[in-house]
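S.K.: One line per chain: the protein sequences are A and B, in this order.
Just so you know, we're using our numbering here: the first sequence kicks off at 21 and counts up by one.
Just so you know, we're using our numbering here: the second sequence kicks off at 24 and counts up by one.
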Amino acid sequence: MPDKPDRNAIEVVKVSKIFGSGEGQVAALDTVSVSIRENEFFTLLGPSGCGKTTLLRLIAGFDFPTAGEILLYGQDIAPLPPFKRPVNTVFQSYALFPHMTVAENIGFGLEMLGKPKAEIKARVDAMLKLVKMEALSARRTSQISGGQQQRVALARALAPQPKVLLLDEPLSALDYKLRKEMQIELKRLQHETGITFIFVTHDQEEALTMSDRIAVMSSGKILQVGSPRDIYDRPSERFVADFIGESNFLKAEVVGVSGGRATVKLSSGTEIPASLPEGLVPQGKVTIVVRPEHAQLSAANSGASLSGMVENIVYLGTDTHFHLRLADGEPFIVRRQNSRGTGDGIVQGGKVGILIGGDAAQVLKD
Amino acid sequence: MATAEEVAKAAERRDIRDRWLLSAPALLIIFLAATGPLLIVLVYSFLTPGSYGDVKWQFSPEAWIAVFLERDIFDDTLSVAAAHVTIFLRSIKLAVVTTIATLALGFPTAYFMATRSEKTRDLWLFLITIPFWTNLLIRTFAVLQIIRNEGIINTILLKLGIISSPIQILYTDTAILIGMAYVYLPLMVLPIYASMEKLDFRLVEAGYDLYATRFKVLRKIIFPLVKPGVIAGSILVFIPALGAYVTPSVLGGGKNMMLSNLIELQFGQGRNWPLGSALSIAVMIIVMVALLAYVRNAGKSGVRHG
Numbered sequence: 021m022p023d024k025p026d027r028n029a030i031e032v033v034k035v036s037k038i039f040g041s042g043e044g045q046v047a048a049l050d051t052v053s054v055s056i057r058e059n060e061f062f063t064l065l066g067p068s069g070c071g072k073t074t075l076l077r078l079i080a081g082f083d084f085p086t087a088g089e090i091l092l093y094g095q096d097i098a099p100l101p102p103f104k105r106p107v108n109t110v111f112q113s114y115a116l117f118p119h120m121t122v123a124e125n126i127g128f129g130l131e132m133l134g135k136p137k138a139e140i141k142a143r144v145d146a147m148l149k150l151v152k153m154e155a156l157s158a159r160r161t162s163q164i165s166g167g168q169q170q171r172v173a174l175a176r177a178l179a180p181q182p183k184v185l186l187l188d189e190p191l192s193a194l195d196y197k198l199r200k201e202m203q204i205e206l207k208r209l210q211h212e213t214g215i216t217f218i219f220v221t222h223d224q225e226e227a228l229t230m231s232d233r234i235a236v237m238s239s240g241k242i243l244q245v246g247s248p249r250d251i252y253d254r255p256s257e258r259f260v261a262d263f264i265g266e267s268n269f270l271k272a273e274v275v276g277v278s279g280g281r282a283t284v285k286l287s288s289g290t291e292i293p294a295s296l297p298e299g300l301v302p303q304g305k306v307t308i309v310v311r312p313e314h315a316q317l318s319a320a321n322s323g324a325s326l327s328g329m330v331e332n333i334v335y336l337g338t339d340t341h342f343h344l345r346l347a348d349g350e351p352f353i354v355r356r357q358n359s360r361g362t363g364d365g366i367v368q369g370g371k372v373g374i375l376i377g378g379d380a381a382q383v384l385k386d
Numbered sequence: 024m025a026t027a028e029e030v031a032k033a034a035e036r037r038d039i040r041d042r043w044l045l046s047a048p049a050l051l052i053i054f055l056a057a058t059g060p061l062l063i064v065l066v067y068s069f070l071t072p073g074s075y076g077d078v079k080w081q082f083s084p085e086a087w088i089a090v091f092l093e094r095d096i097f098d099d100t101l102s103v104a105a106a107h108v109t110i111f112l113r114s115i116k117l118a119v120v121t122t123i124a125t126l127a128l129g130f131p132t133a134y135f136m137a138t139r140s141e142k143t144r145d146l147w148l149f150l151i152t153i154p155f156w157t158n159l160l161i162r163t164f165a166v167l168q169i170i171r172n173e174g175i176i177n178t179i180l181l182k183l184g185i186i187s188s189p190i191q192i193l194y195t196d197t198a199i200l201i202g203m204a205y206v207y208l209p210l211m212v213l214p215i216y217a218s219m220e221k222l223d224f225r226l227v228e229a230g231y232d233l234y235a236t237r238f239k240v241l242r243k244i245i246f247p248l249v250k251p252g253v254i255a256g257s258i259l260v261f262i263p264a265l266g267a268y269v270t271p272s273v274l275g276g277g278k279n280m281m282l283s284n285l286i287e288l289q290f291g292q293g294r295n296w297p298l299g300s301a302l303s304i305a306v307m308i309i310v311m312v313a314l315l316a317y318v319r320n321a322g323k324s325g326v327r328h329g
């Protein structure tokens with residue numbers, strides 16, 4: 021909808037959360053600011069202890085921020101108790117009520133809102149249909165499988181039509197195959213309901229697959245916010261590049277900057293272009309990152325950006341990984357998609373050239 | 024050569040024999056201390072009273088008839104024993120009120136304890152169990168000291184000028200209730216706490232998240248889930264409260280007879296052991312019927328959890 025201006029569903033403004041007091045105090049969130057747009061599938065991604073769940077709990081209202089504001093469509097909701105926020109949560113453990121049936125669980129929120137019985141029933145039926153659980157509506161939650169519990173938890177949180185749906189690692193308890201199914205299912209639900217989703221995960225693949233935008237978090241801070249492609253192709257910091265996907269880090273020296281791009285000199289003396297994170301004007305020694313599939317190998321040394329020795333070749337069916345050792349002793353990995361009948365003379369122990377294309381390198385902030 | 028089947032059978036026989044041997048001491052104690060005496064009481068209730076207490080070994084249904092009916096001295100017609108019925112009702116009422124009072128006090132206490140940090144929880148648990156270290160009689164006299172006319176409560180209220188003459192609490196029904204609630208409170212708190220401790224407080228968060236206010240969360244989520252503890256606590260309080268002897272006697276001043284006093288009377292001054300036995304069994308039957316009704320009713324609203 022290009023004609024409609026993007027509205028922010030949630031704005032987190034300079035929010036800090038400190039647990040404990042005195043010497044034992046821990047800053048779970050350190051002046052975090054982020055805006056989440058309406059109808060967006062937004063993911064908070066980071067390792068455990070990075071503060072992503074804390075941020076989600078602050079939005080849900082289970083904890084209150086030490087400082088800062090949380091705006092829901094412009095209204096500060098930070099001081100409101102959870103039952104006064106039009107926001108619902110899908111819990112990691114699902115937290116289904118064991119003394120109620122599937123249908124009673126789904127209807128609970130509507131019942132608490134004081135909706136008329138007929139409306140609750142209609143809405144519960146619609147929700148059961150949405151998550152394909154019609155047949156099990158009278159079951160107890162202890163009598164259904166983990167995947168089904170997951171669906172009920174989703175239906176329960178969606179039933180009151182929240183303005184924002186919060187999902188706290190909801191897929192982590194499922195096995196691989198079910199998780200893949202639910203990823204697609206979640207995307208579908210978000211599309212059909214048009215509700216803003218805020219999804220917390222430590223699984224980078226999950227984040228890349230499902231999100232419209234991702235915020236990468238570490239040690240209570242948001243390091244980078246962007247589309248999955250942005251985050252993967254243009255990581256701004258070493259942590260982001262390291263946490264998401266595989267990376268080659270190279271030492272380089274800036275020799276020129278123009279129009280948001282830099283020219284850097286590698287250890288081999290070759291100069292290559294590299295893109296820059298927003299707002300960074302680098303000088304002197306920097307680290308650049310090159311994704312393994314963004315570099316090419318050439319049997320000959322001529323015209324290559326770098327040269328190295330092949331230490332190991334790992335065949336993975338779809339891809340082959342070439343583990344190289346550069347002239348300056350640093351490791352470098354190149355990933356190449358396999359096609360039938362490749363035999364290009366690259367052998368273990370042989371010398372190869374590495375080509376780093378015009379858009380493959382990215383300068384890091386640190 | 025024994026076949027595998029024979030060997031297995033022999034092993035099973037040995038196993039069964041060993042189990043009986045190992046449980047024999049426990050079974051003996053259960054028989055000597057519980058089942059045996061109960062049988063004696065049951066048998067006594069069908070015998071004739073002796074002149075100086077004890078029983079004559081002669082069958083008689085008189086004791087059972089006398090539980091609720093009394094025989095007219097002149098024409099042998101039977102009428103309802105109003106005194107017995109009054110005493111039964113008084114005791115049942117006291118047990119019910121005590122159960123309700125301990126529940127009202129014990130539920131918040133258990134909730135408070137279960138929501139503390141793990142370390143402080145143990146401290147609270149310890150504090151709750153401290154009264155068990157002291158004899159019941161001593162605890163009851165402690166309550167007496169507090170509520171008597173010259174006791175702490177009245178002294179403080181008089182000194183503060185809130186009242187001009189001491190409030191008579193001692194030897195009233197209120198005194199009995201205060202004492203009973205105090206004595207039986209731990210029996211209510213502990214089972215509720217045990218249930219509450221197992222409660223997944225994420226469910227409480229889920230309730231708040233789904234627009235339930237604090238009161239609704241308590242009524243719709245916490246209470247149904249700790250119901251097994253509430254049932255256990257109610258049973259643990261109701262049964263001994265029905266037969267309470269020391270507390271009503273000391274704090275009530277013995278003005279109003281309780282079931283326990285009535286039974287005691289039959290074995291003492293009344294010299295009617297069969298009636299005492301029949302009354303005891305009658306109380307037991309009342310408790311069993313009440314429990315069955317209570318548990319069935321509580322189970323109907325469906326807690327298949329915990």
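Glycine included, each C-beta is placed from N, C-alpha and C at the ideal position.
Note that the coordinates shown come from a computational prediction; the quantities given were computed from them, not determined experimentally.
Residue 400 of chain A: buried (16+ other C-beta within 10 angstroms of its C-beta) or exposed?
M.R.: Given a span of 21 to 386 for chain A in the structure shown, any question on residue 400 of chain A remains unanswerable.
S.K.: My guess is that residue 55 of chain A and residue 34 of chain A are in contact by the Cβ rule of under 8 Å, so how many angstroms apart are they, rounded?
M.R.: Counting from 1 along the first sequence, the entry for residue 55 of chain A is found at position 35. Counting from 1 along the first sequence, the entry for residue 34 of chain A is found at position 14. Not really, about 12 Å apart at Cβ, beyond 8 Å.
S.K.: Reducing DSSP to helix, strand and coil, say where residue 61 of chain A ends up.
M.R.: In the first sequence, residue 61 of chain A corresponds to position 41, counting from 1. Three-state result, residue 61 of chain A: strand.
S.K.: With a threshold of 6 Å on Cβ separation, who are the neighbours of residue 224 of chain A within its own chain once the five nearest residues in sequence on each side are excluded?
M.R.: Looking up residue 224 of chain A in the first sequence gives position 204. Closer than 6 Å at Cβ, skipping near neighbours: 264.
S.K.: Within a Cβ cutoff of 6 Å, which residues of the same chain sit near residue 192 of chain B, ignoring the five residues on either side of it in sequence?
M.R.: Against the second sequence, residue 192 of chain B aligns to sequence position 169. Excluding sequence neighbours, residue 192 of chain B sits near 170, 198.
S.K.: State the DSSP-derived secondary structure class of residue 125 of chain B, mapped to helix, strand or coil.
M.R.: Walking along the second sequence from the start, residue 125 of chain B turns up at place 102. The answer is helix: DSSP assigns residue 125 of chain B an H, G or I state.
S.K.: Could you pull the start and end residues of the beta strand (DSSP E) that residue 357 of chain A belongs to?
M.R.: Residue mapping note: residue 357 of chain A aligns to position 337 of the first sequence, counting from 1. Run containing residue 357 of chain A: 351-357, per the beta strand (DSSP E) assignment.
S.K.: Report the three-state DSSP secondary structure of residue 168 of chain B (helix, strand or coil).
M.R.: Counted from its first residue, the second sequence places residue 168 of chain B at position 145. Looking at residue 168 of chain B - three-state DSSP - the assignment turns out to be helix.
S.K.: Would you mind sorting residue 22 of chain A into buried or exposed? The rule is 16 or more other CB atoms within 10 Å of its CB.
M.R.: For the purposes of this step, residue 22 of chain A is identified with residue 2 of the first sequence, where counting begins at 1. Low per-residue confidence applies at residue 22 of chain A: pLDDT is 43, beneath 50, and the placement is therefore not dependable enough to give any value.
S.K.: Using 8 Å as the limit for Cβ to Cβ distance, is residue 119 of chain A near chain B?
M.R.: Position 99 of the first sequence holds residue 119 of chain A. So yes, residue 119 of chain A belongs to the interface.
S.K.: So, is the C-beta of residue 80 of chain A closer than 8 Å to a C-beta in chain B?
M.R.: Locating residue 80 of chain A in the first sequence gives position 60, counting from the first residue. So, interface residue.
S.K.: Report the residue from A:184, A:169, A:210, A:208 whose alpha carbon sits nearest the alpha carbon of residue 191 of chain A.
M.R.: As a working mapping, residue 191 of chain A is identified with position 171 in the first sequence. The candidate whose alpha carbon is nearest that of residue 191 of chain A is A:169.
S.K.: Is residue 318 of chain A near residue 270 of chain A, with beta carbons less than 8 Å apart?
M.R.: Position 298 of the first sequence holds residue 318 of chain A. Position 250 of the first sequence holds residue 270 of chain A. Contact: no.
S.K.: For residue 30 of chain B, which residues in the same chain have their Cβ closer than 7 Å to its Cβ, ignoring the five residues on either side in sequence?
M.R.: To locate residue 30 of chain B, count along the second sequence from 1; it is residue 7. Closer than 7 Å at Cβ, skipping near neighbours: no residue.
S.K.: My output table needs one value for residue 34 of chain A: the three-state DSSP class, helix, strand or coil.
M.R.: As a position in the first sequence, residue 34 of chain A is number 14, starting the count at 1. Strand, per DSSP.
S.K.: DSSP three-state label for residue 311 of chain B, please.
M.R.: Here the question's residue 311 of chain B lines up with position 288 in the second sequence. It is helical.
S.K.: Which residues in the same chain as residue 167 of chain B place their Cβ atom closer than 7 Å to its Cβ, once the five residues preceding and following it in sequence are excluded?
M.R.: Taking the second sequence and counting its residues from 1, the one referred to as residue 167 of chain B is at position 144. 193, 273, 274, listed in sequence order.
S.K.: With 7 Å as the C-beta to C-beta threshold (strictly closer), list the residues of the region 232-245 of chain B near chain A in chain order.
M.R.: Against chain A - using a Cβ distance shorter than 7 Å - the residues of the region 232-245 of chain B are 232, 233, 234, 235, 236, 239, 244.
S.K.: Going by DSSP, what residues sit across from residue 118 of chain A in a beta bridge?
M.R.: On the first sequence, residue 118 of chain A is found 98 positions in, with the first residue counted as 1. Residue 118 of chain A is not bridged to any residue.
S.K.: Check whether the region 113-131 of chain B and the region 255-273 of chain B are in contact - that is, three or more C-beta pairs closer than 8 Å.
M.R.: The answer is yes - the region 255-273 of chain B touches the region 113-131 of chain B, with three or more Cβ pairs under 8 Å.
S.K.: Which bits of chain A does residue 247 of chain B rub up against, with CB to CB less than 8 Å?
M.R.: Position 224 of the second sequence, counting from 1, holds the residue named residue 247 of chain B. The contacting residues are 119.
S.K.: Answer with yes or no whether the minimum CB distance from residue 38 of chain A to chain B is below 8 Å.
M.R.: For this step, residue 38 of chain A is matched to residue 18 along the first sequence. False, the Cβ-Cβ gap to chain B never drops below 8 Å.
S.K.: List the DSSP bridge partners of residue 52 of chain A.
M.R.: Reading the first sequence from its first residue, position 32 is the one you call residue 52 of chain A. A:35, per the DSSP bridge assignment.
S.K.: Rounded to the nearest angstrom, what separates residue 203 of chain B and residue 280 of chain B at their Cα positions?
M.R.: Here residue 203 of chain B refers to the residue found at position 180 when the second sequence is read from its first residue. Here residue 280 of chain B refers to the residue found at position 257 when the second sequence is read from its first residue. Between residue 203 of chain B and residue 280 of chain B, the C-alpha separation is close to 16 Å.
S.K.: Among A:337, A:357, A:356, A:332, which residue has its Cα nearest to the Cα of residue 346 of chain A?
M.R.: For the purposes of this step, residue 346 of chain A is identified with residue 326 of the first sequence, where counting begins at 1. Of the listed residues, the one whose Cα sits closest to residue 346 of chain A is A:332.
S.K.: Can you pull out the residues from the region 108-136 of chain A whose beta carbon lies closer than 7 Å to at least one beta carbon of chain B?
M.R.: Residues 108, 109, 111, 113, 115, 117, 118, 119, 128, 129, 132, 133.
S.K.: Just how far apart, CA to CA, sit residue 43 of chain B and residue 295 of chain B?
M.R.: Position 20 of the second sequence, counted from the start, is the residue given in the question as residue 43 of chain B. Position 272 of the second sequence, counted from the start, is the residue given in the question as residue 295 of chain B. Between residue 43 of chain B and residue 295 of chain B, the C-alpha separation is close to 40 Å.
S.K.: Please report how far the alpha carbon of residue 35 of chain B lies from the alpha carbon of residue 314 of chain B, in whole angstroms.
M.R.: As a first step, residue 35 of chain B is located in the second sequence; it is residue number 12 there, counting from the start. As a first step, residue 314 of chain B is located in the second sequence; it is residue number 291 there, counting from the start. Roughly 39 Å separates the two Cα atoms.
S.K.: So if DSSP puts residue 307 of chain A in a beta bridge, which residue, or which two residues, is it bridged to?
M.R.: Position 287 of the first sequence holds residue 307 of chain A. Its beta-bridge partners are A:271.
S.K.: Would you kindly work out how many angstroms separate the C-alpha atoms of residue 377 of chain A and residue 224 of chain B, rounded to a whole number?
M.R.: By 1-based counting over the first sequence, the position of residue 377 of chain A is 357. By 1-based counting over the second sequence, the position of residue 224 of chain B is 201. The straight-line gap from Cα to Cα measures roughly 54 Å.
S.K.: Using a Cβ cut-off of 8 Å, pull out every chain B residue sitting near residue 101 of chain A, in sequence order please.
M.R.: Stepping through the first sequence from its first residue, residue 101 of chain A is reached at position 81. Within 8 Å Cβ-Cβ: 231.
S.K.: Tell me, please, whether the CB atom of residue 85 of chain A is closer than 8 Å to any CB atom in chain B?
M.R.: Here residue 85 of chain A refers to the residue found at position 65 when the first sequence is read from its first residue. Closer than 8 Å: no.
S.K.: Run through the DSSP bridge pairs and tell me what residue 84 of chain A is partnered with.
M.R.: Numbered from its first residue, the first sequence carries residue 84 of chain A at position 64. Its beta-bridge partners do not exist; DSSP assigns none.
S.K.: For residue 190 of chain A, would you say it is in contact with chain B, using Cβ-to-Cβ distances shorter than 8 Å as the test?
M.R.: If you number the first sequence from 1, residue 190 of chain A lands on position 170. Residue 190 of chain A does not count as touching chain B.
S.K.: At the level of alpha carbons, what is the spacing between residue 366 of chain A and residue 301 of chain A?
M.R.: Within the first sequence, the letter at position 346 stands for residue 366 of chain A. Within the first sequence, the letter at position 281 stands for residue 301 of chain A. Cα to Cα, residue 366 of chain A sits roughly 39 Å from residue 301 of chain A.
S.K.: Along the chain, where does the alpha helix (DSSP H) containing residue 283 of chain B start, and where does it finish?
M.R.: Counted from its first residue, the second sequence places residue 283 of chain B at position 260. Start and end: 282-290.
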